[in-house]
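Peer 1: Note that this note's numbering gives residue 225 to position 225 of the sequence shown, counting from 1, and the numbers run on in steps of one. No residue lacks a Cβ here, since even glycine has one placed at the ideal position from N, Cα and C. Quick one: the structure is below, questions incoming.
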Amino acid sequence: MVTDEKPPKPIPKLKGVPFVGSTFDFARDPLGFLTGLQRQYDRLVQFKAVGRLITLTLTPEDAKHILQENNKNYVKSAAYDVLKMFLGNGLLNSEGDFWRRQRRLAQPAFHKQRLALLVDGMNHETTGLISQWKNRDLTGPLLVSEEMMHLALAVVTRSLFSSDVKNHLENVSESITIIIQTAYKELFNFFPFTRNWPTPRTVRYRRAVRKTEAIIYEIIESRRRQPAEIRHDDLLGMLMETRDEETGEQMTNQQLRDEVTTIFMAGHETTANALSWTFYLLATHPDITEKLREEINRVLGPSNLPTIETLRELTYTTQVIQETMRLYPPAWIFGRQPLHSDQFGDYRVEVPGADGMLICPYLLHRDPRYWEKPEAFHPEHFLPEQVKLRPTYAYLPFGGGPRLCIGNNFAMMEMQIVLTLLIRDFDFQPVDQKIVEPEPGITLRPKGGLQLRVQPRPNAGLRVS
Numbered sequence: 001m002v003t004d005e006k007p008p009k010p011i012p013k014l015k016g017v018p019f020v021g022s023t024f025d026f027a028r029d030p031l032g033f034l035t036g037l038q039r040q041y042d043r044l045v046q047f048k049a050v051g052r053l054i055t056l057t058l059t060p061e062d063a064k065h066i067l068q069e070n071n072k073n074y075v076k077s078a079a080y081d082v083l084k085m086f087l088g089n090g091l092l093n094s095e096g097d098f099w100r101r102q103r104r105l106a107q108p109a110f111h112k113q114r115l116a117l118l119v120d121g122m123n124h125e126t127t128g129l130i131s132q133w134k135n136r137d138l139t140g141p142l143l144v145s146e147e148m149m150h151l152a153l154a155v156v157t158r159s160l161f162s163s164d165v166k167n168h169l170e171n172v173s174e175s176i177t178i179i180i181q182t183a184y185k186e187l188f189n190f191f192p193f194t195r196n197w198p199t200p201r202t203v204r205y206r207r208a209v210r211k212t213e214a215i216i217y218e219i220i221e222s223r224r225r226q227p228a229e230i231r232h233d234d235l236l237g238m239l240m241e242t243r244d245e246e247t248g249e250q251m252t253n254q255q256l257r258d259e260v261t262t263i264f265m266a267g268h269e270t271t272a273n274a275l276s277w278t279f280y281l282l283a284t285h286p287d288i289t290e291k292l293r294e295e296i297n298r299v300l301g302p303s304n305l306p307t308i309e310t311l312r313e314l315t316y317t318t319q320v321i322q323e324t325m326r327l328y329p330p331a332w333i334f335g336r337q338p339l340h341s342d343q344f345g346d347y348r349v350e351v352p353g354a355d356g357m358l359i360c361p362y363l364l365h366r367d368p369r370y371w372e373k374p375e376a377f378h379p380e381h382f383l384p385e386q387v388k389l390r391p392t393y394a395y396l397p398f399g400g401g402p403r404l405c406i407g408n409n410f411a412m413m414e415m416q417i418v419l420t421l422l423i424r425d426f427d428f429q430p431v432d433q434k435i436v437e438p439e440p441g442i443t444l445r446p447k448g449g450l451q452l453r454v455q456p457r458p459n460a461g462l463r464v465s
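So this is what it looks like as structure tokens:
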């Protein structure tokens, strides 16, 4: 029988080193390794890492196919097992019907009208930091990345629990730091069977998990014991109120724990890194900083706090944040596992055979095919007329498809508030001329932390003592 159907083209494949493939090249310099592949290939390329055949996608069209058009053919990759160690079966890690039910239950808490109730808390924590900085000796460099981590943790804690956790914040902060550090190290642990060995790191990690879980469960139980007429306008209160439309069921304590923990981790590490990178870029681009301040002064004046209404008017501020996340996307890479073979134009990814698909926003966000100035800090990339010219999936700071990050509006609102208030009150300048390098792990951090010179601006911003 004669057929006109063409056989699929072979996907380009790296040779790599016998037995280990490209494992060590990828682990040694993930961004350099992947950027090199982007320069050589235009759509798909495969390489071996840790005994697995990985397919790297290099176009927005293929990212859209995986995340949206054929999303039911893909589940989270094995790398998410590292996050599951602590996050449990929350929205980030769960799959299938359970994920769909949890998403339905959690979604109302993240509607914009509910998030508006959290603006005052975000303002409160940010003005508290302003007060601290104005009463501190700022003659030397300030470790801004650490300051943003503490601020983002305070914001997400208040947003989740109101004041219920205030007395525990120091313990929570210390435990979360240990958990994140462990997760970073485990991401590049090519011998996962060692995770249960009783090493000092594992012992510290388990102790931190127990501490954090005990605090979260204590708050949940305390809320359950309160009279029904007492309402809490925080994320935990909203999650506890919501009921499944089909069954009328509410979340169990375990489900609440997993979702709260996921928000805790995803809601402060990623935001803190994005804010750190924003202040670094503004410190090295004073012209953009001045344009940003002009908008802030026009919309907010010298001392007003942002509201949900005025945040909508801060269009250039939003573009600055979007451009920062283009250059330094907090979720810089993510993987999917194909359940069945799939077609990508003339190429076919075969299952069994292919073990995982990689989508790398860091590469898509710097691809000259879609960006006028791919390596420059250029907020005008996000003017409405520029956005229309690009494929939607050329920009993925919060993922895409049905699993688009549920906290995207929360994160943007928080970053707008922090950025407007701190830039209005302080000047940020680089300590030296060294370029700050990104450190890829679970998120994209400034390598070695970010230090800047920070000075109060005379006669500017809030009068906090």
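For Pro-430, name the three-state secondary structure that DSSP assigns.
Peer 2: Reduced to three states, the DSSP call for Pro-430 is strand.
Peer 1: Give me the Cα-Cα distance between Ile-215 and Tyr-205, rounded to the nearest whole angstrom.
Peer 2: Each residue's alpha carbon lies about 16 Å from the other.
Peer 1: Is Val-156 closer than 7 Å to Glu-122 when the C-beta atoms are compared?
Peer 2: With the sequence shown as reference, residue 122 is identified as Met, and Glu is not the correct amino acid for it. Taking 7 Å as the Cβ cut-off, Met-122 and Val-156 do not qualify as a contacting pair.
Peer 1: Which partner residues does Glu-439 have in the DSSP bridge list?
Peer 2: In the DSSP output, where bridge partners are listed per residue, Glu-439 has Arg-445.
Peer 1: With DSSP collapsed to three states, give me the class of Ala-154.
Peer 2: Of the three classes helix, strand and coil, the one that applies to Ala-154 here is helix, per DSSP.
Peer 1: For Tyr-80, report the span of its alpha helix (DSSP H) as first-last.
Peer 2: 80-87 is the span of the alpha helix (DSSP H), which, as asked, contains Tyr-80.
Peer 1: In whole angstroms, what separates the C-alpha of Gly-475 from that of Asn-93?
Peer 2: The structure shown does not extend to residue 475, since the chain is modelled only from 1 to 465, so the question has no answer here.
Peer 1: Tyr-347 by DSSP, collapsed to three states: which one?
Peer 2: Note: Tyr-347 maps to strand in three-state DSSP.
Peer 1: Return the residue from the list Val-20, Asp-62 and Asn-70 that minimises the CA-CA distance to Phe-47.
Peer 2: Ranking Val-20, Asp-62 and Asn-70 by Cα distance to Phe-47 puts Val-20 first.
Peer 1: Mapping the DSSP letters down to three states, classify Arg-243 as helix, strand or coil.
Peer 2: Here Arg-243 sits in coil by DSSP.
Peer 1: Would you say the stretch 34-50 touches the stretch 361-371, given that touching needs at least three Cβ pairs under 8 Å?
Peer 2: Yes, they touch.
Peer 1: In the structure shown, what three-state DSSP assignment does Phe-370 receive?
Peer 2: Checking the sequence, you will find Tyr at residue 370 rather than Phe. Looking at Tyr-370 - three-state DSSP - the assignment turns out to be coil, as it is neither helix nor strand.
Peer 1: Can you check DSSP and say which residues form a bridge with Lys-13?
Peer 2: DSSP lists Gln-46 as partners of Lys-13.
Peer 1: Quick one: using the 10 Å Cβ neighbour count with 16 as the cut-off for buried, is Phe-98 buried or exposed?
Peer 2: Phe-98 should be labelled exposed.
Peer 1: For Met-149 and Asp-346, I'd like the C-alpha separation in whole angstroms.
Peer 2: The straight-line gap from Cα to Cα measures roughly 45 Å.
Peer 1: Could you name the residues of the same chain whose beta carbon sits closer than 7 Å to that of Leu-105, not counting the 5 residues immediately before and after it, in chain order?
Peer 2: For Leu-105, where only same-chain residues beyond five positions count, the Cβ hits under 7 Å are Thr-242, Asp-244 and Met-251.
Peer 1: Among residues of its own chain, excluding the 5 on either side of Phe-344, which ones have a beta-carbon nearer than 8 Å to its beta-carbon?
Peer 2: Closer than 8 Å at Cβ, skipping near neighbours: Arg-43, Leu-44, Thr-57, Asp-62 and His-65.
Peer 1: Quick one, are the C-beta atoms of Ser-145 and Pro-446 less than 7 Å apart?
Peer 2: Yes.
Peer 1: Give the straight-line distance between the Cα atoms of Ser-22 and Leu-14, rounded to the nearest whole angstrom.
Peer 2: So the alpha carbons of these two residues sit roughly 8 Å apart.
Peer 1: Put Val-20 into one of helix, strand or coil per three-state DSSP.
Peer 2: DSSP places Val-20 in coil when its eight states are reduced to three.
Peer 1: Quick check on DSSP: helix, strand or coil for Asp-342?
Peer 2: Three-state result, Asp-342: strand.
Peer 1: Going straight from the alpha carbon of Thr-318 to that of Leu-339, what length do you get?
Peer 2: For Thr-318 and Leu-339, the distance between alpha carbons rounds to 38 Å.
Peer 1: Comparing C-alpha positions only, which one of Thr-247, Tyr-41 and Gly-353 sits nearest to Gly-51?
Peer 2: The candidate whose alpha carbon is nearest that of Gly-51 is Gly-353.
Peer 1: Distance, Cα to Cα, Gln-107 vs Gly-140?
Peer 2: Looking at the two C-alpha atoms, the distance is approximately 44 Å.
Peer 1: Residues in the same chain with beta-carbon distance under 7 Å from Ser-465, minus the five sequence neighbours each way, listed in chain order, please.
Peer 2: Caution is warranted here: a pLDDT of 36 is assigned to Ser-465, below 50, making its placement in the model unreliable, and the coordinate value is therefore given only provisionally. Contacts found: Ser-131.
Peer 1: I need the DSSP call for Arg-204, collapsed to helix, strand or coil.
Peer 2: Helix, per DSSP.
Peer 1: Rounded to whole angstroms, what's the CA-CA distance from Leu-450 to Ile-179? Just pull it up for me.
Peer 2: Looking at the two C-alpha atoms, the distance is approximately 21 Å.
Peer 1: What are the boundary residues of the beta strand (DSSP E) that includes Leu-358?
Peer 2: 356-359 is the extent of the beta strand (DSSP E) around Leu-358.
Peer 1: Using a 10 Å radius around the Cβ and a threshold of 16 neighbouring Cβ atoms, would you call His-268 buried or exposed?
Peer 2: The residue is buried, with at least 16 neighbouring Cβ atoms inside 10 Å.
Peer 1: In this structure, does DSSP put Ile-54 in helix, strand or coil?
Peer 2: Strand.
Peer 1: Between the Cα of Glu-147 and the Cα atoms of Asp-137, Ala-272 and Thr-315, which residue gives the shortest distance?
Peer 2: Measuring from the Cα of Glu-147, the nearest candidate turns out to be Ala-272.
Peer 1: Is the beta carbon of Leu-282 sitting closer than 7 Å to the one on Val-299?
Peer 2: The answer is no: Cβ separation not under 7 Å.
Peer 1: Quick check: the Cα distance between Pro-10 and Glu-350, rounded to an integer number of angstroms?
Peer 2: Taking the straight line from one Cα to the other gives about 11 Å.
Peer 1: Could you tell me the distance, in whole angstroms, from the CA atom of Val-2 to the CA atom of Pro-12?
Peer 2: Any reading at Val-2 must be qualified, since the residue scores a pLDDT of 47, below 50, and its modelled position is unreliable; no value is offered.
Peer 1: Is the beta carbon of Gly-401 closer than 7 Å to that of Asn-71?
Peer 2: For Asn-71 and Gly-401, yes; Cβs fall inside 7 Å.
Peer 1: With burial defined as no fewer than 16 other Cβ atoms inside 10 Å of the residue's Cβ, what is the status of Arg-463: buried or exposed?
Peer 2: Low per-residue confidence applies at Arg-463: pLDDT is 45, beneath 50, and the placement is therefore not dependable, though the value from the model is reported in the following sentence. So Arg-463 counts as exposed.
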